[in-house]
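Enquirer:
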Amino acid sequence: MRDREHSHTARYVTLAVIILVVASLLFPLLGGLGAAGFFGEKTYLVILQDNSEIRPTGGIASLWGALTIRDGHIAHLQYYYSHTSQTLQTTVPLDGPESLTTFFNVNAAELFDSNVQYDFASFAPKVQSDWYNVTGQKIDGVIGLDFTAAEAILRITGPITASGEVITNRNVFHRLEYDSAYAPHRGDQMANLLSTLTYATFALITDASVPEKLALYNTFRDLAHEKHLFIYPDPGPLLGNADGTSRPPESDVVSVVDFNLGNAKADFGIKRTIDYHVQLLPDGSAVSNLTLTYANEDWWSSDLFSQALVPPGAKLVAVHNVSRQFDGPEITNANDYTVFSSRFIVSPYSTARITYVYTVPNVVHGNGVASYYDLYVVKQGGIVRYTLNTSVQLPAGANLIHTENVGSNLVFTDDAHVNVVYM
Amino acid sequence: MNRKLLAAAVVILFIVIALAAIAGMFLVTAPANEITYKEPASAVRASLGKTATSHTIALRLNDISDASNPATRDAWVRLNLESGYYNMSLTPSPGDRYLVANVTVTNAQPTKVPFDYGAFALLTPNNTAYYANYAVCSRNCSAQALQNQTLTVGFTSDLYVLFSVPAETQAQKVVYTTSDPPIVLSAV
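Going down the list, the protein sequences come from chains A and B.
For the first sequence, the numbering used here begins at 58 and goes up steadily by one.
For the second sequence, the numbering used here begins at 3 and goes up steadily by one.
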């Protein structure tokens, strides 16, 4: 009798495990497909961000498309070019962030230039609302991709032909820039290129072989992880934080959000290095020394507005080691962050450097046995890579147990997590 | 007993499927995206420094050099500044190099003819084609050849065409693919 009960229990447990495995495999897939318009109709705003002209959410938003997907196929697609579209040149109000609106004393911007929030997930609902107010068209979500994403997608689709020209992963970035520079003459070619790429990508999603689909999925996942592709609302765990939300953790954090001013399109020639030295104090607070270095390898200047987001409650002690004249720093205190903002020129073939020294409360937590320090370095969307140098000075008498990502010349293409455990 | 075996088999099947899916994610490779160019028999050809003429335009390949070459860089910067459009960086991605072809372009007709710098491709010895990224030339040339994409009567100018290629690439030829017939210029 007891054996029979055990047997029943074992069967139920087995059945439950099977259901869980199937559900865990299918639900994200179904959710992702539903969000992509494979069951019914969805309209997305597709925004191409030129990450050679860096903006807070990834790059200046040069080309916008209204994409309607019905039952997994493109039902309608229209691209708008920022230089020629009156829709995109409509002025919309800015809802922050204060670090930018106060620094420049602005409260409005043209729609194509309104991506000023610290992350894409904050920008997307705003632009969803602005788009409706300007055009009357309701959209279900917003897709953002930059030139790095276009290159990666073309590696999967293979070359395409648009307006009679062969576009590959090697020349797509410069062709887009070229069309942009010679606007309005080549604005149609730019839109045509993006339309062709959009159709080619959808053809791959629906018609390609399984290995090609997997390659495309891997590419999308990597692009989302490295913040070159954004999908809002978040399509679920298949792509993982694809909406680009920067969640301020309850620990130490550095998030640098840059803004390239003056149409310079200089960012691919800028090499970024973050030096972070932190002195941990016995009461769990810290003294931080953050140096942002910008090395310009191009032959023209880069005019940068740099916002350094650090934990709330941080107090600026000093600014030094500045290579040249600059505007700032302006200090903004918000719920999630304290922001130090500065504007400076990075001259051709030269380096600009700015150091913020500040105190931070409560960045160490303990469990009664060991003390833990975590630093999250949040990469800005559109930035390709950066170098991180970190050093951590423990309180007097403390013994180091474990470190992760502490050291010099660590190159990252995504967020970085620094961890130190000591007793 | 049979039901237990069946349940175990189903569980194992799902585990195998899940593992295969995970393995697939790591094992798949991107489809080949290199282009092989086949020179048509009708193409007109010229060696380095010599002119080849199609129905509409005449082309002469003067030189191909790495963008890191100081003289090439200076010419590129000067023309980029002169034309006053987009500033294009000469810093390639890691693992790549930029090659710049100096080509003299001439209108061979007594009328305006169409021109597209995007029709230039650089060929390797095994005929892998790398299509042009960007081009610069003088202010007057830019207004016609690059912005309006036409060559006026009597047009002749040097054009610098940039190609992004893998670092180990050796340039064998430059081809202008859309003229009638296509023009193939030897780089060696």
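Even glycine gets a Cβ: it sits at the ideal position worked out from N, Cα and C.
Keep in mind that this is a model prediction, so the values were computed, not measured.
#1: With the cut-off set at 9 angstroms, would you say G319 (chain A) and D360 (chain A) are in Cβ contact?
#2: State whether the segment 181-190 of chain A contacts the segment 310-317 of chain A, with contact taken as three or more CB pairs (one from each stretch) at a distance under 8 angstroms.
#3: For K328 (chain A), which of helix, strand or coil comes out of DSSP?
#4: If you draw a straight line from the alpha carbon of Y289 (chain A) to that of Q143 (chain A), how long is it in whole angstroms?
#5: Determine which residues share a DSSP beta bridge with L366 (chain A) and list them.
#6: Following the continuous beta strand (DSSP E) through V186 (chain B), name the residue where it begins and the one where it ends.
#7: Closer than 6 angstroms by C-beta to A132 (chain A): which residues in its own chain qualify, once you throw out the five before and the five after it? Chain order, please.
#8: Measure the C-alpha to C-alpha separation of E234 (chain A) and F122 (chain B) and round it to an integer number of angstroms.
#9: Starting from the C-beta of S428 (chain A), find all residues in its chain whose C-beta is less than 6 angstroms away, skip the five residues before and the five after it, and write them out in chain order.
#10: Just checking: is the beta-carbon of T179 (chain B) within a distance shorter than 9 angstroms of some beta-carbon in chain A?
#11: Look at L124 (chain B) and A137 (chain B) and say whether their C-beta atoms are less than 9 angstroms apart.
#12: For A131 (chain B), which residues in the same chain have their Cβ closer than 6 angstroms to its Cβ, ignoring the five residues on either side in sequence?
#13: Quick one, which residues of the segment 75-94 of chain B are near chain A if we go by CB-CB under 7 angstroms, in chain order?
#14: With 9 angstroms as the threshold, decide whether the Cβ of F230 (chain A) is near any Cβ in chain B.
#15: Report the residue ranges of all alpha helix (DSSP H) runs contained in full by the segment 116-147 of chain A; include only those spanning at least 4 residues, in chain order.
#16: Any beta carbon of chain B sitting closer than 9 angstroms to that of F84 (chain A)?
#17: Compare the C-beta of F325 (chain A) against all C-beta atoms of chain B and say whether one is closer than 9 angstroms.
#18: Evaluate D128 (chain A) with the Cβ neighbour count: other Cβ atoms within 10 Å of its Cβ, from every protein chain shown; 16 or more gives buried, anything less gives exposed.
#19: Taking its Cβ as the centre, do 16 or more other Cβ atoms sit within 10 Å of K52 (chain B), making it buried, or is it exposed?
#20: Rounded to the nearest angstrom, what separates P292 (chain A) and I440 (chain A) at their Cα positions?
#21: Assign D309 (chain A) to one of two classes, buried (16 or more other C-beta atoms within 10 Å of its C-beta) or exposed (fewer than that).
#22: For Y406 (chain A), count the other beta carbons within 10 Å of its own beta carbon; 16 or more makes it buried, fewer makes it exposed. Which is it?
#23: Could you give the first and the last residue of the continuous alpha helix (DSSP H) run that contains E208 (chain A)?
#24: Considering only C-alpha positions, which residue in the set A:A391, A:I402, A:L280, A:D264 is nearest to A352 (chain A)?
#25: Pick out whichever of B:A54, B:Y178, B:T58, B:L50 has its Cα sitting closest to the Cα of K114 (chain B).
#26: What does N317 (chain A) pair with, by DSSP beta-bridge criteria?
#27: Comparing alpha-carbon positions, which option in A:E307, A:I111, A:H231, A:Y137 lies nearest F362 (chain A)?
#28: Which residues does DSSP list as the beta-bridge partners of G464 (chain A)?
#29: Report buried or exposed for D300 (chain A), applying the criterion of at least 16 other Cβ atoms within 10 angstroms of its Cβ.
#30: Flag this pair as touching only if the segment 147-163 of chain A and the segment 262-281 of chain A have three or more C-beta atom pairs under 8 angstroms; answer yes or no.
#31: Starting from the beta carbon of E222 (chain A), find every residue of chain B whose beta carbon is closer than 8 angstroms, and list them in chain order.
#32: Name, please, each residue of chain A whose Cβ falls closer than 7 angstroms to the Cβ of S70 (chain B).
#33: Using 8 angstroms as the Cβ pair cut-off and three pairs as the minimum, do the segment 224-233 of chain A and the segment 198-207 of chain A touch?
#34: Go ahead and label R1 (chain B) buried or exposed: buried means 16 or more other beta carbons lie within 10 angstroms of its beta carbon, across all protein chains shown.
#35: Tell me whether the beta-carbon of N89 (chain B) lies closer than 9 angstroms to the beta-carbon of W357 (chain A).
#36: Grab me the residues of P127 (chain B)'s own chain with a C-beta within less than 6 angstroms of its C-beta, minus the 5 sequence neighbours each way, in chain order.
Expert: Well, looking at it:
#1: Judged by beta-carbon spacing, D360 (chain A) lies within the 9 angstroms limit of G319 (chain A), meaning their Cβ atoms are closer than that value.
#2: With a cut-off of 8 angstroms, the segment 310-317 of chain A and the segment 181-190 of chain A do not count as touching, because too few Cβ pairs lie within range.
#3: Looking at K328 (chain A) - three-state DSSP - the assignment turns out to be strand.
#4: When the Cα atoms are used, Y289 (chain A) and Q143 (chain A) turn out to be separated by approximately 25 angstroms.
#5: DSSP, once it has assigned bridges, lists A:S312, A:V396 as partnering L366 (chain A).
#6: It spans 185-188 - the beta strand (DSSP E) in which V186 (chain B) sits, taken as one unbroken run.
#7: Taken in chain order, the residues that qualify are T125.
#8: E234 (chain A) and F122 (chain B) have their alpha carbons spaced roughly 18 angstroms apart.
#9: The answer, listed in chain order, is V421, Y479.
#10: It does: the Cβ of T179 (chain B) has a partner Cβ on chain A nearer than 9 angstroms.
#11: Not a contact, by the Cβ cut-off of 9 angstroms.
#12: Sequence-distant partners of A131 (chain B) (beyond 5 residues in either direction) whose C-beta falls short of 6 angstroms from its own C-beta, in its chain, are I37, Y39, A123, L125.
#13: Those would be V79, Y87, Y88, N89, M90, S91, T93, in chain order.
#14: Yes, because at least one Cβ of chain B sits closer than 9 angstroms to the Cβ of F230 (chain A).
#15: Listed in chain order, there is nothing to give.
#16: With a pLDDT of 49 at F84 (chain A), under the threshold of 50, the predicted position of this residue should be treated as unreliable, and no value is reported.
#17: It does; some Cβ of chain B falls within 9 angstroms.
#18: Around the Cβ of D128 (chain A), a 10 Å sphere holds fewer than 16 other Cβ atoms; the residue is exposed.
#19: Counting the other Cβ atoms within 10 Å of the Cβ of K52 (chain B) gives fewer than 16, which makes it exposed.
#20: Rounded to the nearest angstrom, the gap between the Cα atoms of P292 (chain A) and I440 (chain A) is 23 angstroms.
#21: D309 (chain A) is buried by the Cβ-count criterion.
#22: Counting Cβ neighbours within 10 Å, Y406 (chain A) comes out exposed, since fewer than 16 surround it.
#23: 204-214 is the extent of the alpha helix (DSSP H) around E208 (chain A).
#24: In terms of Cα proximity to A352 (chain A), the closest of A:A391, A:I402, A:L280, A:D264 is A:I402.
#25: Restricting attention to B:A54, B:Y178, B:T58, B:L50, the CA atom closest to the CA of K114 (chain B) is found in B:T58.
#26: BP columns for N317 (chain A) point to A:L361.
#27: Of the candidates A:E307, A:I111, A:H231, A:Y137, the residue whose Cα lies closest to the Cα of F362 (chain A) is A:I111.
#28: Per DSSP, A:T447.
#29: Classification for D300 (chain A): buried.
#30: Counting Cβ pairs under 8 angstroms, fewer than three are found: no touch.
#31: Going along chain B in sequence order, the residues near E222 (chain A) (Cβ under 8 angstroms) are D118, G120, A121, Y133.
#32: Think of a sphere of 7 angstroms around the beta carbon of S70 (chain B): no beta carbon from chain A falls inside it, the nearest being about 11 angstroms out.
#33: By the C-beta criterion, the segment 224-233 of chain A is judged to be in contact with the segment 198-207 of chain A, since at least 3 inter-stretch pairs fall below 8 angstroms.
#34: No answer is possible for residue 1 (chain B): the residues shown for chain B start at 3 and end at 190.
#35: Their beta carbons are under 9 angstroms apart, which means N89 (chain B) touches W357 (chain A) by this criterion.
#36: Within the same chain, and ignoring the five residues on either side of P127 (chain B) in sequence, the residues whose Cβ sits closer than 6 angstroms to its Cβ are Q174.
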